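So the structure is just underneath, and the comments pick up after that.
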Amino acid sequence: MLRGSEGIMTENKKRPNPVDVHVGSRIRLRRNMIAMSQEKLGEQLGITFQQIQKYEKGTNRVGASRLQAISAILNAPVEYFFQDAPREDGQSPMGLEEEAAAPLVPDFMSSAESMQLNRAFMKISDPKVRRKIVDLIKTLADDGE
């Protein structure tokens with residue numbers, strides 16, 4: 274924190290705000306879930322893919338009207354981008370156990386493997402088969418520990 278000209282504490286401009294980083298990661302997650310490229314999203318918004326990259330990293334803050342447009346293009350409610358966002362005091366909205374596992378979820382969900390796995394899984398219409406696949410993955414994960 275830096276002290277501004279009026280004596281008000283302001284954030285260091287070199288470090289992205291955690292909420293901006295979170296919103297950007299949710300944009301990336303949703304974009305990947307629907308298999309849309311940064312270039313395609315940028316075209317629909319009338320901006321470059323480099324600007325999309327900056328939004329997704331939290332380097333540039335997404336304005337309200339731009340977030341509303343992104344929401345419409347990605348077919349997700351605006352609230353989706355703030356789901357599980359860090360609180361203003363920097364604390365996580367989750368409990369301690371969830372907080373320890375939280376970094377794994379965005380990393381996994383933004384990977385190519387997770388997108389392939391998700392798309393293939395969603396094509397399985399039989400709920401019993403889906404349940405067996407989940408059980409298999411849990412068994413394999415337990416064997417790895």
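Quick note on my numbering: the sequence shown kicks off at 274 and runs consecutively. All residues carry an ideal CB built from backbone N, CA and C; glycine is no exception. From a predicted model like this one, the values you see are computed outputs, not experimental measurements.
Whose CA, out of the options, lies closest to the CA of residue i?
i, options, result
"isoleucine 320", "Asp416, Ile343, Asp408, Thr412", "Ile343"
"glutamate 316", "Ile346, Ser338, Arg334", "Ile346"
"serine 310", "Ile406, Ala385, Val407", "Ala385"
"lysine 287", "Leu390, Gln341, Arg334", "Arg334"
Who are the Cβ neighbours of residue i in its own chain at under 8 Å, not counting the five residues just before and after it?
i, result
"alanine 349", "Arg303"
Please list, in chain order, all residues of the same chain as residue i whose beta carbon is under 7 Å from its beta carbon, the five residues on each side excluded.
i, result
"glutamate 312", "Phe322"
"valine 351", "Leu340, Gln341, Ser344"
Could you tell me whether the Cβ atoms of residue i and residue j are closer together than 8 Å?
i, j, result
"arginine 299", "phenylalanine 354", "yes"
"leucine 318", "arginine 339", "yes"
"isoleucine 214", "arginine 403", "Outside the displayed range of the chain (274 to 418) lies residue 214, so it cannot be described from this structure."
Taking DSSP as the reference, what is the three-state secondary structure of residue i?
i, result
"lysine 401", "helix"
"valine 294", "helix"
"glutamine 323", "helix"
"aspartate 415", "helix"
"methionine 367", "The predicted model places methionine 367 with a pLDDT of 46, which falls under 50 and marks its position as unreliable; any figure quoted below should be read in that light. In the structure shown, methionine 367 sits in coil (DSSP, three-state: anything other than H, G, I, E or B)."
"arginine 303", "helix"
"glutamine 467", "Past the boundaries of the shown model lies residue 467; the chain is included only from 274 to 418, so the question cannot be answered."
"arginine 360", "coil"
"methionine 282", "Note that methionine 282 scores 49 on pLDDT, short of 50, meaning its location in the model is unreliable and no value can be drawn from it."
Leaving aside the five residues before and after residue i along the sequence, list all residues of the same chain whose C-beta is less than 6 Å from its C-beta, in chain order.
i, result
"methionine 388", "Asn305"
Between the segment 289-306 and the segment 325-342, do at least 3 Cβ pairs fall closer than 8 Å? yes
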